[in-house]
């Protein structure tokens, strides 16, 4: 059991820690509901969102007498259990007679946390919770919380946020009005394209070392250690092969065969578990086939990585994969990771479909390499109209731009930097 003195010390020190950070606003509103949960991959910036909200409250006249911030990955809180969580309220009561707003960071470290979360919700506390594990939102936990919290998925920086943290106006149209401005934009886009948008990495001149360290923490800590995986070699090979296979639907059987082709013995059920662990840790996200059966959607999705920087660590010569991964993240960030963004594969293959918006999107690195590429990408969007009537049809490229009319279908060709800024 943690002592009152230790908890008090951590609470007081955290006040200084929170206020010392410079935070850029993220596109997540924590003001419209009293109880919210932020979930996402490690180091996506969840803590900084809490810092920003607390700093905003202080600037608006609130004081630390009515705010509690705790990060449960603080080693001084190691061993804390769900039975200790009520001490948070008791210790705050020793410091202030005001009802606290609670900011509880990485709470998944405490087994049974959802029971405490439900109780403080029922008692009408204002609370924001973060966690790095998708199982925080499992059916069982959701049933316990009973709709008491609004949930937000937190991604690494969008391109507009990446530009902002680097001191660049995110208005791409203004920036590209001059040759010098376009050069600045494209230099930052190339960095973002290759190394992704993890917030702490965004301003580093050398990014690979940081990404390597972070990936190892996710790989070893959030996946291997948490799930007691002994065959680290098979796990490592699987993730490398998945990075090389971005763009393709991957069934569980195919994923197993891909790993087996390297001479590594691993069963299908083990591969299913490994992929589940990766999605639980938000290392990977899935995009399902809109045209498939319910069972087929679950067992034969496309897998995308949460950040392009991770793919750059795991695979080589993958610019086409990086482009599609970047567009997938842009769409999932905007429309949500559940039941909004699909691919289509039934007689015609289209990379992304957003049914609610009537949008179909192909991703093609360049339209100028051959006539075959042009015909293939445009024909797929035209043929899709026999299955789904879409209102907007887009081909996203690395830098090509224009408008195409084919068989009565208007197709926009948009460079990736412009597309992801429009979707920020």
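Numbering (our numbering), first residue to last: -7 to 416. The beta-carbon is built from N, C-alpha and C at its ideal position, and this holds for glycine as well. Source: prediction; values computed, not measured.
Between the beta-carbon of residue 353 and that of residue 366 there is about 16 Å, and that puts the pair past the 8 Å contact cut. Rounded to whole angstroms, the Cβ separation of residue 63 and residue 88 is 20 Å, and the two are not in contact under 8 Å.
Contact check for residue 301 against residue 189 passes: the beta carbons are separated by less than 9 Å.
For residue 390, the three-state secondary structure derived from DSSP is coil. Around the beta carbon of residue 304, 16 or more other beta carbons lie within 10 angstroms, which makes this residue buried.
Scanning 101, 45, 27 for the CA closest to the CA of residue 120 turns up 27.
Taking C-beta separations shorter than 6 Å and ignoring five residues to either side along the sequence, the partners of residue 215 in its chain run 269, 273, following chain order.
Non-local beta-carbon contacts of residue 71 in its own chain, meaning distances under 6 Å to residues more than five positions away in sequence, are absent. Residue 411 and residue 1 have their C-alpha atoms spaced approximately 47 Å apart. Listed as beta-bridge partners of residue 143 by DSSP are 29. 151 is the residue among 86, 34, 151 whose C-alpha sits nearest the C-alpha of residue 18. Note that the C-beta distance between residue 207 and residue 29 is not below 9 Å.
In this model, residue 217 and residue 275 are separated by some 15 Å (Cα to Cα). Here residue 125 has 100, 272, 273 as same chain residues with Cβ atoms under 7 Å from its own Cβ, once five neighbours each way along the sequence are excluded.
Pairing residue 260 with residue 223, the inter-Cα distance amounts to about 14 Å. For residue 281, the three-state secondary structure derived from DSSP is strand.
For the 9 Å CB-CB criterion, residue 33 and residue 143 do not form a contact. With a cutoff of 9 Å on beta-carbon distance, residue 157 and residue 194 are scored as near each other. In the three-state reduction of the DSSP assignment, residue 276 falls in the strand class, which pools E and B. DSSP links residue 123 through a beta bridge to 31. By the criterion of at least three beta-carbon pairs nearer than 8 Å, the stretch 78 to 98 is in contact with the stretch 49 to 59.
Residue 287 is classed as exposed because its beta carbon has fewer than 16 other beta carbons within 10 Å across all chains shown. Out of 114, 82, 77, 278, the CA that lies nearest to the CA of residue 97 is found in 77. With distances taken between CA atoms, residue 351 lies nearest to 383 out of 383, 364, 323.
According to DSSP, residue 344 shares a beta bridge with 353. Remark: C-beta atoms of residue 282 and residue 290 do not approach each other more closely than 9 Å.
Between residue 296 and residue 317, the beta carbon gap of about 5 Å places them in contact (Cβ cut-off 8 Å).
Annotation for residue 177: the continuous alpha helix (DSSP H) segment containing it runs 171 to 187. About 19 Å separates the beta carbon of residue 106 from that of residue 146, a gap too long to meet the 8 Å contact definition. Uninterrupted alpha helix (DSSP H) stretches at least 4 residues long and entirely within the stretch 192 to 258 occur at 200 to 208, 224 to 236, 244 to 252, given in chain order. In this structure, residue 307 places its C-beta atom within 9 Å of the C-beta atom of residue 235.
Inclusion of residue 95 and residue 102 in the CB contact set at 9 Å is not warranted, their separation being larger than that value. With respect to the C-alpha of residue 252, the residue from 227, 359, 238 having the closest C-alpha is 227. Using a 10 angstroms sphere on the CB of residue 371, the tally of other CB atoms stays under 16, which defines it as exposed. Runs of the alpha helix (DSSP H) spanning 4 or more residues and lying entirely within the stretch 75 to 121 occur at 78 to 87, 105 to 114, in chain order. Taking the Cα positions, residue 43 is about 22 Å away from residue 116.
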